[in-house]
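> Structure in structure tokens, see below.
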Amino acid sequence: MTHGPCFHLAVPVTDIAEARAFYGGVLGLTEGRSAEQWVDWNFYGHQVVTHRTGDVRSEPAGHNLVDDHQVPVPHFGLVLEIDDFHDLAGRMKAADAEFVIQPYLRFEGEPGEQWTMFFLDPAGNAMEFKAFADQSQIFAT
Numbered sequence: 004m005t006h007g008p009c010f011h012l013a014v015p016v017t018d019i020a021e022a023r024a025f026y027g028g029v030l031g032l033t034e035g036r037s038a039e040q041w042v043d044w045n046f047y048g049h050q051v052v053t054h055r056t057g058d059v060r061s062e063p064a065g066h067n068l069v070d071d072h073q074v075p076v077p078h079f080g081l082v083l084e085i086d087d088f089h090d091l092a093g094r095m096k097a098a099d100a101e102f103v104i105q106p107y108l109r110f111e112g113e114p115g116e117q118w119t120m121f122f123l124d125p126a127g128n129a130m131e132f133k134a135f136a137d138q139s140q141i142f143a144t
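Numbering (our numbering), first residue to last: 4 to 144.
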């Protein structure tokens with residue numbers, strides 16, 4: 004089976020067991036290759052690698068105001084299908100995750116209307132997941 008382009012992202016974490024509990028347990032990602040210092044994760048068909056380092060931020064470097072919410076910067080994440088977005092939001096709520104921005108419908112009635120949510124992993128890496136009813140609106144202006 005061949006795949007189209009996929010991204011690879013290395014994410015610093017402070018504890019591999021904690022990363023496994025969050026990325027595998029809470030997010031429900033499948034673990035791939037691993038070693039003592041890192042773990043590959045199937046991030047919805049993309050590769051995210053959690054690398055244990057001693058140099059990890061405990062919070063985002065800054066924020067930008069978007070739609071009356073303080074969006075953490077930097078952050079990473081994915082555009083999901085709406086059902087996958089709501090499934091993930093439910094898993095996060097069931098795990099008593101602390102949201103930076105609770106799941107909500109952003110830009111309602113405007114170009115680019117989307118569901119979005121932000122949260123931090125245990126090492127403080129900010130993550131955003133979003134979903135569009137109409138994926139052709141991803142880059143709408």
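Just so it is clear, CB atoms sit at the ideal spot from N, CA and C, and this is done for glycine as well. Please read all numbers here as calculations on a predicted model, not as lab measurements.
Pull up the DSSP beta-bridge partners for Gln117, would you.
Residue numbering aside, residue 117 sits at position 114 when the sequence shown is read from its first letter. The partner list for Gln117 (beta bridge, DSSP) reads Arg109.
> Using alpha carbons as the reference points, say which of Gly27, Pro75, Gln73 lies closest to Thr53.
Along the sequence shown, read from residue 1 onward, the residue named residue 53 stands at position 50. Taking only the C-alpha atoms, the option nearest Thr53 is Gly27.
> Alpha carbons only, please: which of Pro125, Val103, Asp70, Leu83 is nearest the one belonging to Ile19?
Along the sequence shown, read from residue 1 onward, the residue named residue 19 stands at position 16. Out of Pro125, Val103, Asp70, Leu83, Pro125 has the C-alpha closest to the C-alpha of Ile19.
> What residue range is occupied by the uninterrupted alpha helix (DSSP H) comprising Phe88?
Here residue 88 is taken as the residue at index 85 of the sequence shown, counted from 1. Per DSSP, Phe88 belongs to the alpha helix (DSSP H) from 85-97.
> Return helix, strand or coil for Ala134, following the three-state DSSP convention.
Locating residue 134 in the sequence shown gives position 131, where the first residue counts as 1. In the structure shown, Ala134 sits in a strand (DSSP, three-state: E or B).
> Is the CB-CB distance between Val29 and Arg94 below 8 Å?
Taking the first residue of the sequence shown as 1, we reach residue 29 at position 26. Taking the first residue of the sequence shown as 1, we reach residue 94 at position 91. In this structure, Arg94 lies closer than 8 Å to Val29 by Cβ.
> Have a look at Arg137 and Gln50 and give me their C-alpha separation to the nearest angstrom.
On the sequence shown, position 134 is the one that residue 137 refers to. On the sequence shown, position 47 is the one that residue 50 refers to. In the sequence on display, residue 137 carries Asp and not Arg. So the alpha carbons of these two residues sit roughly 25 Å apart.
> Let me check understanding here. Comparing Cα to Cα, which of Asp71, Phe142, Val76 lies closest to Ala107?
Along the sequence shown, read from residue 1 onward, the residue named residue 107 stands at position 104. Checking the displayed sequence, the identity of residue 107 turns out to be Tyr instead of Ala. The shortest C-alpha separation from Tyr107 is found at Asp71.
> Using only the alpha-carbon positions, how far apart do Val16 and Arg55 sit?
As a first step, residue 16 is located in the sequence shown; it is residue number 13 there, counting from the start. As a first step, residue 55 is located in the sequence shown; it is residue number 52 there, counting from the start. Rounded to whole angstroms, Val16 to Arg55 spans 5 Å at the Cα level.
> With a threshold of 16 other CB atoms inside 10 Å of the CB of Ala92, please say whether the residue is buried or exposed.
Numbered from 1 along the sequence shown, position 89 holds the residue referred to as residue 92. Looking at its Cβ environment, which holds 16 or more other Cβ atoms inside 10 Å, Ala92 is buried.
> Start and end of the beta strand (DSSP E) containing Ala100?
As a position in the sequence shown, residue 100 is number 97, starting the count at 1. That residue, Ala100, is in no beta strand (DSSP E); it is neither H nor E in DSSP.
> To which residues of the same chain is His36 closer than 7 Å at the C-beta, ignoring the five residues directly before and after it?
Numbered from its first residue, the sequence shown carries residue 36 at position 33. Per the sequence shown, the amino acid found at residue 36 is Arg instead of His. Counting only Cβ-Cβ distances below 7 Å, and skipping sequence neighbours, we find Asp43.
> Would the beta-carbon of His78 fall within 8 Å of that of Phe121?
What you label residue 78 is simply residue 75 of the sequence shown in a count that begins at 1. What you label residue 121 is simply residue 118 of the sequence shown in a count that begins at 1. In this structure, Phe121 lies closer than 8 Å to His78 by Cβ.
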